[in-house]
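Asks: Can you read through this structure? Questions will come right after.
In our numbering, the protein residues as written are 3 to 153.
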């Protein structure tokens with residue numbers, strides 16, 4: 003919570019803040035799910051150069067500890083497609099906190115409801131932003147690796 007000298011609440015939401023990267027201006031919405039997320043709405047997600055813009059936004063000077071970056075396309079108030087650039091990892095197939103952040107950001111912008119299916123490269127997640135202000139995520143779990151560590 004941020005307060006001015008007069009102690010009235012000041013909104014600490016970052017919604018559609020303009021961020022210029024090279025010759026392109028993005029409208030970013032920032033939320034925290036215990037880790038920082040920056041959500042950007044794009045029209046053509048399948049052809050968007052995530053691997054080009056992702057690292058520049060992740061390490062932009064306005065994010066001193068870097069940020070995760072979610073590029074989304076809102077299909078309708080109950081469905082969003084998403085690609086994610088994870089802080090320190092690059093583009094990944096899925097991200098639960100990123101999907102949660104995308105759902106919240108889309109709702110804050112008036113683009114989506116509080117119950118949203120997020121379509122990711124690795125599958126779908128259902129996100130519910132409940133009346134108690136908690137975020138609930140439902141989706142599949144799959145084993146993607148098995149290994150043994152030897153001494």
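Glycine residues also receive a C-beta, built at the ideal position from the N, C-alpha and C atoms.
Quick check on residue 55: buried or exposed, where buried means 16 or more other Cβ atoms within 10 Å of its Cβ?
Replies: As a first step, residue 55 must be located in the chain shown, where it is residue number 53. Buried, since its Cβ has 16 or more Cβ neighbours within 10 Å.
Asks: Tell me which residue opens and which closes the alpha helix (DSSP H) that residue 100 is part of.
Replies: Indexing the chain shown from 1 puts residue 100 at position 98. 98-110 is the span of the alpha helix (DSSP H), which, as asked, contains residue 100.
Asks: In this structure, how does DSSP classify residue 1 when only helix, strand and coil are distinguished?
Replies: This structure gives no information on residue 1, because the portion of the chain shown stretches from 3 to 153.
Asks: In the DSSP assignment, find the unbroken alpha helix (DSSP H) run with residue 20 in it and report its ends.
Replies: Residue 20 sits at position 18 when you count from the first residue of the chain shown. Where residue 20 is concerned, there is no enclosing alpha helix (DSSP H), although the beta strand (DSSP E) it sits in stretches over 16-23.
Asks: Starting from residue 56, trace the alpha helix (DSSP H) both ways and give me its first and last residue.
Replies: Residue numbering aside, residue 56 sits at position 54 when the chain shown is read from its first letter. Element bounds for residue 56: 52-60.
Asks: For residue 134, which three-state DSSP category applies?
Replies: For this step, residue 134 is matched to residue 132 along the chain shown. Coil.
Asks: Given a cut-off of 7 Å on the beta-carbon distance, is the pair residue 96 and residue 122 in contact?
Replies: The residue labelled residue 96 in the question sits at position 94 within the chain shown. The residue labelled residue 122 in the question sits at position 120 within the chain shown. Contact flag set, yes.
Asks: So, with DSSP's three-state summary, where would you put residue 5?
Replies: As a first step, residue 5 is located in the chain shown; it is residue number 3 there, counting from the start. In this prediction, residue 5 has a pLDDT of 34, which is less than 50 and means its spatial position is unreliable; what the coordinates show is noted afterwards. If DSSP states are grouped into helix, strand and coil, residue 5 belongs with the strands.
Asks: So for residue 49, helix, strand or coil by DSSP?
Replies: The residue given as residue 49 occupies position 47 in the chain shown. In this structure, residue 49 counts as helix in the three-state DSSP scheme.
Asks: Looking at the structure shown, is residue 69 part of a helix, part of a strand, or coil, going by DSSP?
Replies: To locate residue 69, count along the chain shown from 1; it is residue 67. In this structure, residue 69 counts as coil in the three-state DSSP scheme.
Asks: For residue 39, count the other beta carbons within 10 Å of its own beta carbon; 16 or more makes it buried, fewer makes it exposed. Which is it?
Replies: Reading the chain shown from its first residue, position 37 is the one you call residue 39. Result: buried.
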